[in-house]
Structures are given as C-alpha cells and as structure tokens.
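Just so you know, the sequence shown maps onto residues 527 to 796 in the working numbering.
Where is the CB? At the ideal position from N, CA and C, for every residue including glycine.
Predicted model only: the values in this text are computed from it and were never measured.
Some notes on the structure that comes next.
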Amino acid sequence: MRQTEIPLRRNFDGLNRQQLLIYARELGEHRQRERGLEHTISQREQQMRELAAASIAAQEEERQYIAFEVHDRIAQTLAAAFQQLQTLESMTQTDPKTRQVAVRASSLVREAIRESRNIMNDLHPPVLDEFGIAPLIEEELRSFQEQTHCQVRFDVDYPKRPPSDVEMALYRIFHEALINIRRHAPGARKVTVSLAYTGQAVSLQVQDDGPGFDVEEALQAKRVGGLMSMRRRADILGGQFEIISSLSQGTRVSVLVPVNGNNRKGGQGR
Ligand SMILES: Nc1ncnc2c1ncn2[C@@H]1O[C@H](COP(=O)(O)OP(=O)(O)OP(=O)(O)O)[C@@H](O)[C@H]1O
Ligand SMILES: [Mg+2]
C-alpha cells in the first residue's frame, strides 16, 4: 500500500506573492466554512435539546391528564361504591353471611381506591404542584424506610421553590434513583438524600451504601433506561449529572441544575 506523507508545515520559501495570496484566501475560506459548520452543529444540538424538552413536557402533560382521568372517572366512582358498601354492611348486622360478603366487597373496593391513588401519584404527584419536591421526597423516604428498614437521612436546605419543570425533573431523577436502590441495592443499609437551593442552582444527591456497579459498563449495556433518562432530564435543563459508584462506597447520584435562566435549554417555568 502506498502511503503519502503530509508535511505538517508547508514550506512557503519558494512561493511568490501571488501564490501566497491564493493560499491565504483558501485558508480564510476554509476557516469560514469551519465556523459555519460549527454554528450549524451548535444549532442542531440546540434543536435536539428543545425537541427533547418538548417531548418531556408533552409526556408530563399527558401523565397529568391521565392522572386526572383516573381520579375523575375511576377513583371517584370507587369512593361512591365504597360508601354504598359501608351502608350495606351496616344493614346486614343481623345476617352474618351477607355481612361477610359486604365486608369482603368493601375491603376489595378500598384496595382498588388505594391502588388508583398510587397510580395517580406515580403519574403526577399532586403534592408536587402544591407543596413542592421537599415534602414529596420526605414522604417517599419515610415509606422506603418503613418497607426496607434501611436507615434514611434527608438533608434539606430549600428555602424557596424553583420553576416547576426543574422540580419535576429533580423529582423524577430522585424517584428513579430510589427505585434503583430498591431494585439493585437491596442490601443497602443507609441512604442519604441532600437537597439544596442556593437561589442560583438546585442540587440533589442520592447516596446509598449498596454493592455499587460499573457505571460506564451499565450505560453501554443499556442505552435506554433509568440512568440515561436521569441524565437526559438534567441535560435539558442545562444541568450537570454525575454517578459515582464503587464496590466499597456504594452509589452516589448527583445533579446540579441552574436556575438563573441564562443557561436554560428549554422547558417551561412556573
Ligand atoms: N444504586 C444502584 N446500585 C447498584 N447498581 C445500580 C444502581 N443503580 C443502577 N444500577 C445498575 O445500573 C443498571 C442500569 O440502571 P438503569 O436504571 O438504567 O436500568 P434498570 O434499573 O435496570 O431498568 P429501568 O430501565 O427500568 O430503570 C442496573 O441494571 C444496575 O445494574
Ligand atoms: Mg432503573
């Protein structure tokens, strides 16, 4: 195979003024084309972020819509059925067999109400709109602790609330990180969550002392999944996202999202 050696530097000694001018013009044109390409690439990247932000906003809107539908069409009817069954129960005091059926039916309906509330909550937590992310995290950590008996700590410095899209993204990241701990680090004995809002940025950290994992390998193996989705949500808001994991120290998910409006890359404010 023939190899052509490209000289790193051109020897301009033997060139006349005319040829030098031609080279200079070519170089100028080349630089201009390069700048044009860089501009196009950064425009495309911006468009991609805006599309991703729009798709996430549409997804959240759809989830909210479904949550309201479940509430209005299913949960409300179940609540009415539950009341009727309670009345039936009190009317069957003297008939133990019928009463047993009524009690069983009302306990099933109560379970269905609980489940539909869980579904509504997963789709769009109403507490988030009204009270913000801090009480929601606290509540989820409380039930996580009750169910897993894992020691939980929540450090909060959150004097005011950032725009709703920032809170929603942080909540989804927290939620996914906690699900991952349940699923992949069931042996974790301690989970620490920190949430801080400095006025310039919101930071969230979720740390566990579970078995840890190889982050790069996991990202390569699963290009669509919880880790990618967390990273994407942070990126859309112009934030930084990092996962540090090791066998000895467990896993730490960190996200920092600016709230000064300068480096926001899409999404809606409150
Ligand atoms: N806290 C953690 N401790 C240990 N391993 C983890 C932790 N979080 C993630 N992992 C590892 O990283 C992998 C990828 O996580 P990711 O959230 O992307 O996917 P998943 O949880 O398996 O599925 P899903 O797409 O439903 O979230 C997991 O399969 C697991 O091996
Ligand atoms: Mg996951």
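By Cβ distance, which residues of its chain are closer than 7 Å to residue i, with the 5 residues on each side in sequence left out?
i: histidine 597; result: Met646
i: glutamate 693; result: Leu654, Gly658, Ile659, Arg687
i: alanine 578; result: Arg758, Ile762
i: alanine 714; result: Cys676, Ile707, Asp734, Asp735, Gly736, Gly776
i: phenylalanine 608; result: Ser632, Val635, Arg636, Ile639
What does the Cβ neighbour count give for residue i, buried or exposed, with the cut at 16 atoms within 10 Å?
i: histidine 650; result: buried
i: asparagine 706; result: buried
i: threonine 777; result: buried
i: methionine 617; result: exposed
i: glutamine 619; result: exposed
i: leucine 547; result: exposed
i: leucine 553; result: exposed
i: isoleucine 567; result: exposed
i: leucine 541; result: exposed
i: leucine 704; result: buried
For a test of the three-state rule: what should DSSP assign to residue i, helix, strand or coil?
i: proline 652; result: helix
i: lysine 623; result: helix
i: serine 780; result: strand
i: aspartate 598; result: helix
i: phenylalanine 739; result: coil
i: tyrosine 684; result: coil
i: leucine 721; result: strand
i: alanine 714; result: coil
i: valine 629; result: helix
i: serine 690; result: helix
i: arginine 679; result: strand
i: glutamine 775; result: coil
i: glutamine 558; result: helix
i: leucine 563; result: helix
i: valine 635; result: helix
i: glutamine 673; result: helix
By Cβ distance, which residues of its chain are closer than 6 Å to residue i, with the 5 residues on each side in sequence left out?
i: phenylalanine 739; result: Ser771
i: isoleucine 592; result: Leu649
i: leucine 782; result: Ala727, Ser729, Gly765, Gln766
i: glutamate 564; result: none
Within a Cβ cutoff of 8 Å, which residues of the same chain sit near residue i, ignoring the five residues on either side of it in sequence?
i: proline 712; result: Thr674, Gly736
Quiz item: Given 8 Å as the limit, is there contact between the region 679-686 and the region 627-642, that is, 3 or more CB pairs closer than that?
Solution: no
Quiz item: Should the region 719-730 be called in touch with the region 695-703, which here means at least 3 C-beta pairs below 8 Å?
Solution: yes
Self-check item: Chain-ordered residues, beta carbon under 5 Å from a heavy atom of ligand 2
Solution: Asn706, Gly752
Quiz item: Do three or more CB pairs link the region 622-641 to the region 599-613 at distances below 8 Å?
Solution: yes
Practice problem: Count the C-beta pairs between the region 659-676 and the region 741-761 that are closer than 8 Å, then say yes if the count reaches three, no if not. | Solution: no
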